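Chains as they are written, first to last, in the working numbering: chain A, 5 to 352; chain B, 5 to 352. From the three backbone atoms N, C-alpha and C, an ideal C-beta is built for every residue, glycine too. None of the values given here were measured: they were computed from a predicted structure.
There are 2 protein chains.
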Amino acid sequence: MVTIKDVARAANMSVATVSRVLNGSGPVSEETGRLIREVAGRMRYVPHSGARSLITSKTETLGVLLPDLYGEFFSEIIRGMDSTAQRHGFHLLISRTYADKPEIETAMRAMRGRVDGVVVLSPDLDADSLLNLPSTIPVVLLCSVSKGSQMDSLTIQNCRGAREMVTHLVDRGHRRIAIIKGSPRNYDATERLRGYRTALRDAGITPEVLLEREGDFTEATGYAAAIELLSMRKRPTAIFAANDAMAIGALSALRESGVRVPEEIAVAGFDDIPLARYMDPPLSSVHVPICELGERAVEMLLHGVTHKNDHPRRRERVSTELVIRRSTGGESAERPPPRTLKRETVST
Amino acid sequence: MVTIKDVARAANMSVATVSRVLNGSGPVSEETGRLIREVAGRMRYVPHSGARSLITSKTETLGVLLPDLYGEFFSEIIRGMDSTAQRHGFHLLISRTYADKPEIETAMRAMRGRVDGVVVLSPDLDADSLLNLPSTIPVVLLCSVSKGSQMDSLTIQNCRGAREMVTHLVDRGHRRIAIIKGSPRNYDATERLRGYRTALRDAGITPEVLLEREGDFTEATGYAAAIELLSMRKRPTAIFAANDAMAIGALSALRESGVRVPEEIAVAGFDDIPLARYMDPPLSSVHVPICELGERAVEMLLHGVTHKNDHPRRRERVSTELVIRRSTGGESAERPPPRTLKRETVST
DNA sequence: GCCCTCTATGTAAACGATTACATATTTGTT
DNA sequence: AACAAATATGTAATCGTTTACATAGAGGGC
């Protein structure tokens, strides 16, 4: 491995000068600069990041702590984080954890010294309070909020989004609107539930406990919940699922039971995953700009890093957007765009 | 930040002893061990990874270079990689890149010194040859093979999987079987195409160029390709899409055109993403164990790391499995499993 | 010609860990 | 009782950087 000394020797200069040239610090003659850059390039010199971080106590790496995520959400959020991080010359160290206290603490410790800051995605409510370990490095909480407000946090406008969707259902004449909830321990899920109830009350409808079915954000539980709802003597006329996966499970259940959507029962989801528009019928949903969520989280974190964690804490919320398709009776003027190659996708 | 010196001072020992205790190297008395461990724990000492990597020239970190991936594939593969890496005490440094030469080289350089090895996922065929930069650290090529065979590689049994699926279609009486291809520059896509053609020839059918439509693994291009196929004077009776996303796009197009699946046209995909079974009709597909793919890749890489990249190179292939559902006329005895909580999913 | 100020470069001390070598103590063998 | 071997601990060199400080020459003002 070629070190700065090798470069210095080859260029007949001292290591200090080489360092100065390569970091653009201190004054150097134009000529020396050219020479050293040329030599370093030719020798394929790459500074040892460990040595550098030892002396500068910076790592130029950001940690990301994620729970067991599935699907689109995961990839999109990393996409957003990585592009922003790269733009600022930072790397991403990713670690999956379970959301319980010892796991998160272990992961945090393991990252210590390796990263300049951490984004923690812990939708699990319990994990929140546990996170109150006063961290010396900046932390951005994603999809959950810390009561102690010791850290920055970034969340989705869950409540508003859900409220808008349910209001849309009310506007189309629905009065018996069911919800397939997410886990009661999940922050996003509880906020969406809150939005649902608020919208109902806004419309003068009293939320009914029987219309609130539990799920866990998987297609399977959406399917099961829909079956339950169908067996009720007074069926709902609309189902709002707290995420798209469950909505898709519900659609599948309705289809098998021969229930027409949206004529007999309308269905709506949340997240607006790419597949939503390819469902039968195309699924109305609440669009979440997941990629931007990742971008913004890293921006907030970098702000904390540059201010050495000594900055006023912020709580931000990214806004959602209602996307109405046929599953709630929307006109679905929207067509699958023909051959867009905008997004170079690589699967498998 | 508390260093090893602080711990040594607090425990009234030398740094050497502390290091020995914490690393389990060299002989130490039982009592000293207990004491030091206790003090270190109380002081929340975490060794500085930079300093450690400087002297040991190990980073305990693996790099992962990924192209612009979408959806399930991304999250699953990281899941597999991370769990295996964690089990061996390694971290994952993730970086997205475009698949062209300068980008990959830049990313590789940026990772140098930070990681002990790299997994490169470059389904893009061009990137392969470019990758022949002789790397001093071990590299595992994922979803592509290097002609030079300087590195280990791990791929999917694309050809066999596609062949089995198309043979299944033939067995059900289909003779005019179309394919929606992936990009010709994509390794997986070309292999799947090869499997398709082989299966046809096995059955004594001559592949027709008009039945081979191009796509790029997105729903949109699957949709567009299906529309084209429908406009043919001699329509195919079956469509094999090179991945599920395109198959789903095709299903959507057929539905809108009032074509019944599988009665008029059968449809099959590849990947078996979780949503496949929730399609209408449930989509037959070739199951790819994505998570295991990630696991195996890391195992191979770690093998290279422990052998200091001085080991016989290997080419491995993970096997696929045919999953027949209704979209190809399968009986679909399979029901969405009721409320399985096996996979704790967290989506937005 | 002297002193001051720049500019360009070099010297050497950190940073925090590991580890070869040295030293001191204990144990075992004869 | 003497010495070898084993055990426990300490000392100091080392890894590859950055950077404060030192040095040296060049130019300018008087």
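Closest by C-alpha distance to residue i, when choosing among the options
i	options	result
N162 (chain B)	B:R329, B:V322 and B:T171	B:V322
V263 (chain B)	B:I160, B:F274, B:L233 and B:N190	B:L233
I40 (chain A)	A:E76, A:A245, A:C147 and A:L26	A:L26
T63 (chain B)	B:D72, B:L69 and B:S53	B:S53
V143 (chain A)	A:M169, A:R167, A:R164 and A:M115	A:M115
G117 (chain B)	B:L58, B:D175, B:L146 and B:L306	B:L58
K9 (chain B)	B:R38, B:V43 and B:F244	B:V43
E267 (chain B)	B:G177, B:I98, B:A20 and B:E168	B:G177
I328 (chain A)	A:V309, A:N313 and A:S289	A:S289
E305 (chain A)	A:V11, A:V50, A:H95 and A:F78	Per the sequence presented here, residue 305 (chain A) reads as Leu, with Glu not at that position. Minimum Cα distance to L305 (chain A) is reached at A:H95.
V11 (chain A)	A:M47, A:D175 and A:E35	A:M47
D192 (chain A)	A:E303, A:S126 and A:I277	A:S126
P285 (chain A)	A:D276, A:V271 and A:H291	A:V271
T88 (chain A)	A:G334, A:H311, A:V302 and A:L215	A:V302
M5 (chain A)	B:V32, B:I160, B:I141 and B:R317	B:I141
R196 (chain A)	A:T7, A:G93 and A:F274	A:F274
M85 (chain A)	B:L97, B:D86, B:E76 and B:R83	B:L97
E80 (chain A)	A:R300, A:R13 and A:T36	A:R300
R259 (chain B)	A:A257, A:A246 and A:R281	A:R281
G219 (chain A)	A:P51, A:H307, A:M236 and A:A246	A:A246
I160 (chain A)	A:G28, A:V149 and A:Q154	A:V149
A230 (chain B)	B:T194, B:I269 and B:R164	B:I269
Q90 (chain A)	B:G165, B:P31, B:L69 and B:S61	B:L69
P71 (chain A)	A:V123, A:P51, A:T60 and A:L326	A:V123
L66 (chain A)	A:L297, A:K151 and A:V119	A:V119
S157 (chain B)	B:Y49, B:E325 and B:H307	B:H307
S99 (chain A)	B:A111, B:R83, B:R113 and B:T101	B:R83
A228 (chain B)	B:P188, B:R198, B:S261 and B:G199	B:S261
Unbroken beta strand (DSSP E) run spanning residue i, endpoints
i	result
G67 (chain A)	T65 to L70
E216 (chain B)	E216 to E218
S157 (chain B)	D156 to I160
A242 (chain A)	A242 to A245
L287 (chain A)	First-last for L287 (chain A): undefined, no H or E at that position.
R319 (chain B)	R319 to V322
V265 (chain A)	First-last for V265 (chain A): undefined, no H or E at that position.
G270 (chain B)	The sequence shown places Ala at residue 270 (chain B), rather than the Gly named in the question. A270 to A272 is the span of the beta strand (DSSP E), which, as asked, contains A270 (chain B).
L326 (chain A)	E325 to V327
The alpha helix (DSSP H) enclosing residue i, as first and last residue numbers
i	result
S150 (chain A)	Looking at the DSSP string, S150 (chain A) is not in any alpha helix (DSSP H), and its letter there is neither H nor E.
E260 (chain A)	D248 to E260
K15 (chain A)	Before going on, a small fix: residue 15 (chain A) reads as Ala here, not Lys. Per DSSP, A15 (chain A) belongs to the alpha helix (DSSP H) from I8 to A15.
R48 (chain B)	Segment: none, R48 (chain B) is in no alpha helix (DSSP H) and carries neither H nor E.
G334 (chain B)	Careful: G334 (chain B) lies outside any alpha helix (DSSP H) and carries neither H nor E.
T60 (chain A)	S53 to T60
L279 (chain B)	No alpha helix (DSSP H) contains L279 (chain B), which DSSP labels as neither H nor E.
R24 (chain B)	V19 to N27
>> Taking contact to mean 3 or more Cβ pairs, one atom from each stretch, closer than 8 Å, check whether the stretch 247-263 of chain A and the stretch 210-229 of chain A are in contact.
In response: Touching, yes.
> Is it a yes or a no for the stretch 104-111 of chain B touching the stretch 311-331 of chain B, going by three-plus beta-carbon pairs under 8 Å?
Replying inline: With fewer than three CB-CB distances shorter than 8 Å, the stretch 104-111 of chain B does not count as touching the stretch 311-331 of chain B.
> In the stretch 77-132 of chain B, which residue ranges form an unbroken alpha helix (DSSP H) of at least 4 residues, counting only runs that do not cross its ends?
Replying inline: Taking 4 residues as the minimum length, the alpha helix (DSSP H) runs contained wholly in the stretch 77-132 of chain B are 105-115, in order along the chain.
>> Please identify, using Cβ separations under 9 Å, the residues of the stretch 22-55 of chain B that lie next to chain A, in order along the chain.
In response: Under the 9 Å Cβ criterion, the stretch 22-55 of chain B contributes R48, V50, P51, H52, S53, G54 and A55.
> Which runs of the beta strand (DSSP E) spanning at least 3 residues fall entirely within the stretch 159-240 of chain B, listed in chain order?
Replying inline: Counting whole runs of 3 or more residues, the stretch 159-240 of chain B contains the beta strand (DSSP E) stretches 181-185 and 216-218.
> Is the stretch 234-241 of chain B in contact with the stretch 174-188 of chain B, if contact means three or more CB pairs nearer than 8 Å?
Replying inline: Yes, the stretch 234-241 of chain B touches the stretch 174-188 of chain B.
> In chain order, which alpha helix (DSSP H) runs of at least 4 residues are fully inside the stretch 290-314 of chain B?
Replying inline: Complete alpha helix (DSSP H) runs here, min 4: 294-310.
> Quick one: any contact between the stretch 208-219 of chain A and the stretch 13-32 of chain B, if contact means 3 or more CB pairs under 8 Å?
Replying inline: In short, these stretches do not touch, since the Cβ pair count stays below three.
> Can you list, in chain order, the residues of the stretch 256-272 of chain A whose Cβ is nearer than 7 Å to any Cβ on chain B?
Replying inline: Residues S256 and R259.
> Got a sec: which bits of the stretch 195-225 of chain B sit with their beta carbon under 7 Å from any beta carbon on chain A, in order along the chain?
Replying inline: So the close ones are D220, F221, T222, E223, A224 and T225.
> Using a beta-carbon distance cut-off of less than 7 Å, what residues from the stretch 286-304 of chain B approach chain A?
Replying inline: Here the close residues are V292.
> Which residues, in order along the stretch 88-101 of chain B, keep a beta-carbon less than 8 Å from a beta-carbon of chain A?
Replying inline: For the stretch 88-101 of chain B, the beta-carbon criterion of a distance under 8 Å to any beta-carbon of chain A is satisfied by Q90, H95, L96, L97, I98, S99 and R100.
>> Quick check: the stretch 194-206 of chain A against the stretch 159-175 of chain A, are at least 3 beta-carbon pairs closer than 8 Å?
In response: Three or more pairs of CB atoms, one per stretch, sit closer than 8 Å, so the stretch 159-175 of chain A contacts the stretch 194-206 of chain A.
> What residues from the stretch 221-252 of chain A come within 7 Å of chain B, judged by C-beta to C-beta, listed N to C?
Replying inline: Contact annotation: in the stretch 221-252 of chain A, residues whose CB is within less than 7 Å of a CB in chain B are F221, T222, E223, A224, T225, Y227, A228, N247, A249 and I252.
> Mind listing which residues of the stretch 56-69 of chain B have their C-beta closer than 8 Å to chain A's C-betas, in chain order?
Replying inline: Cβ contacts with chain A: R56, S57, L58, S61, T63 and T65.
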